[in-house]
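Using my numbering, read the sequence shown as starting at 67 and increasing by one per residue.
Every residue gets a Cβ at the ideal spot worked out from N, C-alpha and C, and that includes glycine.
In what follows, a single structure is set out as C-alpha cells and then discussed.
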Amino acid sequence: MAETVKVLMIGDVIGEPGMKALFAGLGELRRRLGADLVVVNGENANSGFGITKDECDRLFGLGVDVVTSGNHVWEKKGATELLDSEPRLLRPANYPAGAPGSGLARLELGGRTFAVLNLQGREGLYPIDCPFRCAEGLLAVLRAQSPDAIVVVDVHAESNEEKEALGFWLDGKVSAVAGTHTHVQTADERILPQGTGYLTDLGMTGPSDSVIGVKTEICLRRSLTQMPIKMETAEGPAVIHGALFEIDGASRRCVRVERVVA
Ligand SMILES: [Fe+2]
Ligand SMILES: [Fe+2]
C-alpha cells in the first residue's frame, strides 16, 4: 500500500473533565495511533457551553491542529473576537454571511496540505444556510486552489438522516466525514462507495457518569418535570471518544476507520 496519512478526530469536549482527559491522554493517544492531524470539537469546552481563548490555547498547546465547533460556539463573551482572530478555531461554515469567523481551515503539515471543513445540520437545530450547497461551493474553490488537499469534515448535526445524507453527498469529494453534537458515539464506521471514511457521531470527550456530559440528577429532573432546569456539567473521570481515519496519501481515499475510546 502507498504511504497513508492518519487523521484523529475527537468529539465534543465537555468542560473541565473533558479538557483534563485530553491533557492526560491526548499525547499518548496521538503517539500510539500515529496521528498526523488532530481535530477536536470544542463547542462545549468551557463549562459545557461554548469555548474561550483559554480552552483554545490549551487545546493547541496539547498539539491539537484544528478546533471545530457547532451550535454552542457563540455562547461565551468574546466569541466574535475569538472566531475572527483565531483561524484554527472553526464555526460551522453554513452560518449565513456576516457571521464571524470561518468554517474552513487549510494547513500545511509534513509536506502535505490538509483542509478541515465544519458544517452544521438544520434538522432539529437552526434554519441556517444549506450545508449541502455550502460544502459544494467551498470545496469547488478549495479544489481549484489546492487540488491535492486531504479534506476532512465535521458535520455537527442532530439528525442521523441528515448526517448520512451529507456523508454520501461528500463521498468521493473528501477523505473523511465525522459527525458530532449528539455526544453518543455510534458504531457505524465504514468506508462509503467512493472512498470517504464515515462515522455518524464521534461521541463526546467528557464525564462517563453523566447524561451527554450533564449531571444525571439534573437531566432526570428535566425529563420528569419537563421544566427547563439549567444544565450543569457533570464531574468525575472522563473518556475520550473519537475516530482515526487512515487515508491513502496518493488517492486520498480512506482505507480504514477505527473508532477510538480512550
Ligand atoms: Fe456538543
Ligand atoms: Fe452541538
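Helix, strand or coil for residue i? Go by DSSP, reduced to three states.
{"i": "residue 137", "result": "helix"}
{"i": "residue 112", "result": "coil"}
{"i": "residue 197", "result": "helix"}
{"i": "residue 145", "result": "helix"}
{"i": "residue 301", "result": "coil"}
{"i": "residue 85", "result": "helix"}
{"i": "residue 319", "result": "coil"}
{"i": "residue 76", "result": "strand"}
{"i": "residue 246", "result": "strand"}
{"i": "residue 132", "result": "strand"}
{"i": "residue 163", "result": "coil"}
{"i": "residue 186", "result": "strand"}
{"i": "residue 156", "result": "coil"}
{"i": "residue 284", "result": "helix"}
{"i": "residue 271", "result": "strand"}
{"i": "residue 309", "result": "strand"}
{"i": "residue 258", "result": "coil"}
{"i": "residue 91", "result": "helix"}
{"i": "residue 291", "result": "helix"}
Classify residue i as buried or exposed, calling it buried when 16 or more other Cβ atoms lie within 10 Å of its own Cβ.
{"i": "residue 251", "result": "buried"}
{"i": "residue 146", "result": "exposed"}
{"i": "residue 265", "result": "buried"}
{"i": "residue 215", "result": "buried"}
{"i": "residue 123", "result": "exposed"}
{"i": "residue 71", "result": "buried"}
{"i": "residue 151", "result": "exposed"}
{"i": "residue 149", "result": "buried"}
{"i": "residue 293", "result": "exposed"}
{"i": "residue 102", "result": "buried"}
{"i": "residue 67", "result": "Below a pLDDT of 50, predicted positions are generally treated as unreliable, and residue 67, at 45, falls in that range; the measurement from the model is reported next regardless. It counts as exposed."}
{"i": "residue 309", "result": "buried"}
{"i": "residue 312", "result": "buried"}
{"i": "residue 275", "result": "exposed"}
{"i": "residue 171", "result": "buried"}
{"i": "residue 189", "result": "exposed"}
{"i": "residue 299", "result": "buried"}
{"i": "residue 100", "result": "exposed"}
{"i": "residue 73", "result": "buried"}
{"i": "residue 127", "result": "exposed"}
{"i": "residue 204", "result": "buried"}
{"i": "residue 290", "result": "exposed"}
{"i": "residue 163", "result": "exposed"}
{"i": "residue 75", "result": "buried"}
Should residue i be flagged as near chain B, meaning a C-beta pair shorter than 8 angstroms?
{"i": "residue 72", "result": "The structure shown contains no chain B; it is built from a single protein chain."}
Is the CB-CB distance between residue i and residue j below 8 angstroms?
{"i": "residue 272", "j": "residue 304", "result": "yes"}
{"i": "residue 130", "j": "residue 157", "result": "no"}
{"i": "residue 270", "j": "residue 77", "result": "yes"}
{"i": "residue 326", "j": "residue 218", "result": "no"}
{"i": "residue 110", "j": "residue 279", "result": "yes"}
{"i": "residue 221", "j": "residue 191", "result": "no"}
{"i": "residue 160", "j": "residue 246", "result": "no"}
{"i": "residue 182", "j": "residue 134", "result": "yes"}
{"i": "residue 175", "j": "residue 167", "result": "no"}
{"i": "residue 119", "j": "residue 144", "result": "yes"}
{"i": "residue 268", "j": "residue 244", "result": "yes"}
{"i": "residue 315", "j": "residue 69", "result": "yes"}
{"i": "residue 201", "j": "residue 173", "result": "no"}
{"i": "residue 187", "j": "residue 223", "result": "yes"}
{"i": "residue 125", "j": "residue 306", "result": "no"}
Review point. Pick out every residue whose C-beta is nearer than 5 angstroms to a heavy atom of ligand 2: which are they, in chain order?
Key: Counting every residue whose Cβ lies closer than 5 angstroms to a heavy atom of ligand 2, we get 136, 137 and 247.
Exercise for review: Flag this pair as touching only if the region 257-273 and the region 318-326 have three or more C-beta atom pairs under 8 angstroms; answer yes or no.
Suggested key: Contact between the region 257-273 and the region 318-326 is present, because at least three Cβ pairs lie under 8 angstroms.
Review point. Is the region 189-199 touching the region 76-93, taking contact as three or more C-beta pairs under 8 angstroms?
Key: Contact fails: fewer than three Cβ-Cβ distances are below 8 angstroms.
Review point. Are the region 199-211 and the region 82-102 touching, with three or more C-beta to C-beta distances below 8 angstroms?
Key: No: the two stretches stay apart, fewer than three of their Cβ pairs being nearer than 8 angstroms.
Review point. Looking at C-beta atoms only, is the number of pairs between the region 280-289 and the region 223-230 that lie closer than 8 angstroms three or more?
Key: The region 280-289 makes no contact with the region 223-230, as fewer than three CB pairs between them are under 8 angstroms.
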